[in-house]
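Presented below is the structure to which this report refers.
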Amino acid sequence: EARRLAWWRRVRFGMFIHWGPYSLLGGQWRGKRIDDGIGHGVGEWIMYNAQIPVADYARVARGFNPVEFDADDWAALAERTGQKYLIFTTKHHDGFAMFKSAVSDYNIVDGAPFGRDVVAELAAACARRGIRFGLYYSQAQDWTHPGGAAFNGRNDPTAPWSGGTPGAGRWDPAQEGDFDAYLKNIALPQVSELLTRYGPIDIFWWDTPIGMTPEHAAAFRDLLRLQPGIITNNRLLDPDRPNAFSGDTETPEQFIPATGLKGRDFEVCMTVNDTWGYKEHDHNWKSPRTLIRQLVDTVSKGGNFLLNIGPDGQGRIPTPCRERLEAVGRWMDTNAES
Ligand code: JFZ
């Protein structure tokens, strides 16, 4: 086990990328800025926070044509920043797959004019540059495929981020359906696709196990055998639940645990502004000084630092974001081991 995690513990610094049809909306729906709701209106939750009907959001997705996307440019930026691994949102809660999928044509190859497999291009770019490659996949929440789970936090501020009722937070009759059937027909097959079609996968990043039971989690965990040596975060199921699977790494989000997490591997995930997915009007960029301090603070406490970028709907990394990563990279050049 220690050997499996050795590279991850050594490199300490990764790039997180949130990118999908929500990036095209840039935090606005029908001319209104969506700044309320889950995560204070984080860009990738816009479908949920603005309660966009499935058909309307699907129209946005069908227009997704990010012609400026350049996998090698993104991987090169990670390299210059000193980030030794990259984790990409292959499917976020909106349900749109950024890879070709045989089980649903709601994906970037078959369901959008772009027609290119973004996961394949990123996997190849990372392989060329020796950057480890990880996949984020929202295994339970899916606001488009019938039966997918929807967080109930809008209706109940105490709603749990795991287990509970899968459908309690749905807002469109088109979302109704059987959760077990969704897992069996969409989520599990897509995870298999991801684990078999893109070469070696170094990390699997689960998220928000709404509605899941330990049995559901076991079915996903079994698929990980397709990639011996893969490292996973702990969001397949809440580790506090009895008999629940817990992954290799804890995931403090947007904060650094004051004294680290004794005896546990952890990865602080952090945004450069205040959103994961692109928001056109979020200009609250952290300074390079703040980002370097957060990186050093996290590493000094024994954790990894996963710093997120949110490219826009054309595939461009916002200039202020790019500049900050370049500045961190210059600091890394003089101060970090290679
Ligand atoms: C999740 C996602 O919902 C979000 O869009 C983003 O991808 C982020 C990295 O992960 O956000 C969470 C997950 C769990 C909690 C809060 C936000 N939690 O347990 O409090």
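Residues in the sequence shown are numbered consecutively from 324, following my numbering.
Just so it is clear, CB atoms sit at the ideal spot from N, CA and C, and this is done for glycine as well.
query: Closer than 8 Å: Val-365 CB and nearest the ligand JFZ heavy atom; result: yes
query: Three or more C-beta pairs below 8 Å linking the segment 535-544 and the segment 427-435; result: no
query: Near the ligand JFZ: Ile-632 beta-carbon under 8 Å from a heavy atom; result: no
query: Rounded separation between Glu-646 and Ile-369 - CA only; result: 26 Å
query: The ligand JFZ heavy atom lying under 8 Å from the CB of Tyr-459; result: yes
query: Segment contact flag, the segment 450-457 with the segment 405-416, C-beta cutoff 8 Å, min 3 pairs; result: yes
query: Strand pairing of Ile-553, partner residues [DSSP]; result: Bridge partners of Ile-553: none, in fact.
query: Distance cut-off 8 Å: Phe-339 Cβ against heavy atoms of the ligand JFZ; result: yes
query: Exposed unless 16 or more other CB atoms sit within 10 angstroms - verdict on Thr-519; result: exposed
query: Status (buried if at least 16 other CB within 10 Å, exposed otherwise) for Asp-525; result: buried
query: Beta-ladder partner(s) of Gly-457, from DSSP; result: Ile-410 and Ile-526
query: Beta strand (DSSP E) runs contained entirely in the segment 444-496, provided each spans 3 or more residues; result: 455-460
query: Cβ contact check for the segment 364-384 and the segment 340-347: 3 or more pairs under 8 Å; result: yes
query: Test item: CB-CB of Tyr-460 and Thr-531 under 9 Å; result: no
query: Under 9 Å between C-beta atoms of Lys-624 and Gly-583; result: yes
query: Contact test: Cys-592 Cβ vs the ligand JFZ heavy atom, cutoff 8 Å; result: yes
query: Ala-448 versus His-468 - alpha carbon distance; result: 30 Å
query: Sufficient close CB pairs (3 or more, under 8 Å) joining the segment 431-444 to the segment 356-365; result: no
query: Arg-558 classed as buried or exposed, judged by whether at least 16 other C-beta atoms fall within 10 angstroms; result: buried
query: Three-way DSSP call (helix, strand, coil) for Glu-573 in this model; result: strand
query: Nearest to Gly-586 (by Cα), restricted to the options Glu-573, Asp-597 and Met-593; result: Glu-573
query: Alpha-carbon to alpha-carbon, Trp-528 and Gly-652; result: 25 Å
query: Assigned secondary structure, Asn-270 (DSSP; H/G/I helix, E/B strand, else coil); result: This structure cannot speak to residue 270, because the chain is shown only from 324 to 661.
query: Ile-579, DSSP secondary structure in three states; result: coil
query: Ala-463 and Asn-475 closer than 9 Å at C-beta; result: no
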